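Under mature numbering (1 follows the signal peptide of the UniProt record, and there is no 0), residues -19 to -1, 1 to 510 are what the sequence shown spells out, in order. Notes for the one structure printed next.
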Amino acid sequence: MRKILVASLIAASVFSASGCKDYLDVNTNPNGPDALLQPELFLPQIQSEMAVAVQWDGRFAGQYVQNWASTAADNAIDLHGNPLSDTYAQLWRAVYWSMGYNLSDMIESGERSKKYDFVGVGHIMRAYGWQSLTDYHGPIIMTEAFNTDKRVFNFDEQNVVYPEVKRLLEEGIRNLERTDGLDAATSGLNKGDLIYAGNRDRWKKFAYGLMAINAHRLTNKNSYDPNKVIEYVDLSLASNADNAMIRFQGEVSANTNFFGPIRNNIASNRQTDYIVGLLDGTNPTLRDGALAEADPVFTGQHLKDPRLTAMLAPSPDGQYRGIRAGKGIVGIPAAEVPNNLWGSVGTSTAQPRQIYIFGNAAPFPLMTYSQLQFIKAEAAWIAGKHDVALDAYTKGVTAHIDFSRAYAPDPAMFDQRKAAYLASEEIMPKTTAGLTLSKIMLQKYIATWGWGFLETWSDMRRYHYNQDGEVYTNFVLPSPLNVANQGVPAYRARPRYNSEYMWNQEALRALGGNDENYHTYETWFSKHE
């Protein structure tokens, strides 16, 4: 941990002149910016780093939940392994280093310059960092995180982290509502903000959305309050127009979507048979047998979700298939191996057309309206408010279909399938009698596929990987799991190797972090109590 903090101080010094002012008041450059009065210098890079970190680690969390799988058989991550490596802990690096003191300095700069919108956004981004990090790793270092006097940094359990996330969000909202500072146009937030271009109202909605996520993680706790979750969602994103999307220019590696072909980070990933089954009409929960007539494109198969061709890649023979997690592509005829998510054969980085959010300049979601509607639907279902659940479910499905339409290769065909899909009373029930928890969770899986890895993984851990078989229909864990797992699926990722395992071993030992199956220890939020 200490190595990260020292590096963060060095990084922050690139932007901040505070060190020079403390020890040397002379030689200030009159033509240079004073970073502690210009928080806009910090925010774009912080936001970009957060998106890249989610994508980086999402490659592996995405394998745990079978969003995608490796083309290699017996891939350790497909089998729920978690080797000691920095490769699987970019979020750790982002929260403590890339964001780290830079985010603290941005908040301080906003306070000094009366740019309270930056202060509010800063608190919200810190809350997002803690929430994402604990969702992924379980126990994290929060209380002692930025104490440079320490050599050992103790971990906080999630029952400590979750309330702090909520506190930060409330503090962020209070600062966004302040009227005694500069407005967004004057403060510079409208130029430095890559997500909402300085729109305070949308940032407040984002904060309430994160409050809903934070509160909804606790469905297995006696303290869980579904009505509070519904209240937070109702204060959050109101439509797809409010979706939190990180923008990319897509010109060179430094300003390109991490999942784009220029960055070449997912060439060996392939969509799984699980997501294909949810979209091609073969999964029993999302299937309408009455509408299994011949499809003009997929002759003789079941009713297709309109999102199929927008979100997934066909095989060279034009059919849509997926691979089984842990099995790779061994033995599959070349014509039947799914193309990569740029639509190319093998590991080619050519992109015949942009598939879903996997383009160089494609915006990457951090939170969406449809995601939150499914959270509301599940909360309402738990509360016994099935009419509220049905309304939220319908809005969630419709919103994500509309979101996906931008990537459809044939918009006219997409619209035809959308009409048939939404008219299906089996898939889109018109009364509460036809709604099930499984439908809610499977539609949420689709809506968060390819970006909401931590949300989906948290959901699956809350339901203990579908142990009762009633939530994630047809979802099956790889068998056997990685040998180090001792028969248990992954419930947490290890902390970053090059900080904690190198420099913070004493605190790790207290967690059992050196145990080979540490990553299978159940997370606090998923335990029933």
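Just so you know, even glycine gets a beta-carbon here, dropped at the ideal spot from N, CA and C. These numbers come from a predicted model, not from an experiment.
Under the three-state DSSP convention, the category residue i falls into
{"i": "F456", "result": "coil"}
{"i": "W432", "result": "coil"}
{"i": "W323", "result": "coil"}
{"i": "T413", "result": "helix"}
{"i": "F136", "result": "coil"}
{"i": "R334", "result": "coil"}
{"i": "I382", "result": "helix"}
{"i": "F395", "result": "helix"}
{"i": "N466", "result": "helix"}
{"i": "T266", "result": "helix"}
{"i": "A347", "result": "Reading the sequence as shown, one finds Leu at residue 347 and not Ala. Looking at L347 - three-state DSSP - the assignment turns out to be strand."}
{"i": "E503", "result": "coil"}
{"i": "M192", "result": "helix"}
{"i": "N498", "result": "coil"}
{"i": "Q354", "result": "helix"}
{"i": "A50", "result": "strand"}
{"i": "Y4", "result": "Residue placement at Y4 is poorly supported in this model, since its pLDDT is 32, which falls under 50; the coordinates are not used for a value here."}
{"i": "A225", "result": "strand"}
{"i": "R475", "result": "coil"}
{"i": "Q28", "result": "helix"}
{"i": "Q252", "result": "strand"}
{"i": "I211", "result": "helix"}
{"i": "I427", "result": "helix"}
Cβ neighbour criterion (16 or more within 10 Å) applied to residue i
{"i": "H509", "result": "exposed"}
{"i": "R132", "result": "exposed"}
{"i": "Q467", "result": "exposed"}
{"i": "M483", "result": "exposed"}
{"i": "T115", "result": "buried"}
{"i": "V233", "result": "exposed"}
{"i": "R93", "result": "exposed"}
{"i": "R159", "result": "exposed"}
{"i": "G103", "result": "buried"}
{"i": "A235", "result": "exposed"}
{"i": "A488", "result": "buried"}
{"i": "G431", "result": "buried"}
{"i": "K411", "result": "exposed"}
{"i": "G299", "result": "exposed"}
{"i": "D161", "result": "exposed"}
{"i": "A219", "result": "exposed"}
{"i": "N140", "result": "exposed"}
{"i": "F239", "result": "buried"}
{"i": "S480", "result": "buried"}
CB-CB length for residue i against residue j, believed under 8 Å
{"i": "N195", "j": "V146", "result": "5 Å"}
{"i": "L435", "j": "P120", "result": "Going by Cβ atoms, the distance from L435 to P120 rounds to 16 Å, so no, they are not a contact pair."}
{"i": "N264", "j": "G258", "result": "4 Å"}
{"i": "E47", "j": "Y213", "result": "Residue 47 is actually Gln in this sequence, not Glu. That pair is no contact at about 29 Å."}
{"i": "I227", "j": "A32", "result": "4 Å"}
{"i": "F355", "j": "A428", "result": "6 Å"}
{"i": "F134", "j": "N485", "result": "6 Å"}
State whether the segment 375 to 383 contacts the segment 325 to 337, with contact taken as three or more CB pairs (one from each stretch) at a distance under 8 Å. no
Considering only residues of the segment 72 to 107, which uninterrupted alpha helix (DSSP H) runs meet the minimum length of 4 residues and lie entirely inside it, listed in chain order? 81 to 93
At least 3 beta-carbon pairs within less than 8 Å: the segment 295 to 306 vs the segment 41 to 60: yes
Counting Cβ pairs closer than 8 Å, one from the segment 102 to 119 and one from the segment 137 to 151, do we hit at least three? yes
When you compare the segment 67 to 83 with the segment 148 to 164, are there three or more beta-carbon pairs, one atom per stretch, that lie closer than 8 Å? no
Would you check if there are 3 or more beta carbon pairs closer than 8 Å linking the segment 185 to 200 to the segment 356 to 368? yes
The segment 382 to 400 / the segment 285 to 295 touching (three or more Cβ pairs under 8 Å): yes
Count the CB pairs spanning the segment 339 to 353 and the segment 379 to 392 that are closer than 8 Å, and state whether there are at least three. yes
Of all the alpha helix (DSSP H) runs that stay within the bounds of the segment 141 to 193, which reach a length of 4 or more residues? 165 to 168 and 170 to 173
Quick test of the definition: if touching needs 3 or more C-beta pairs under 8 Å, does the segment 35 to 46 touch the segment 236 to 248? Between the segment 35 to 46 and the segment 236 to 248, the count of C-beta pairs closer than 8 Å reaches three or more; the two stretches touch.
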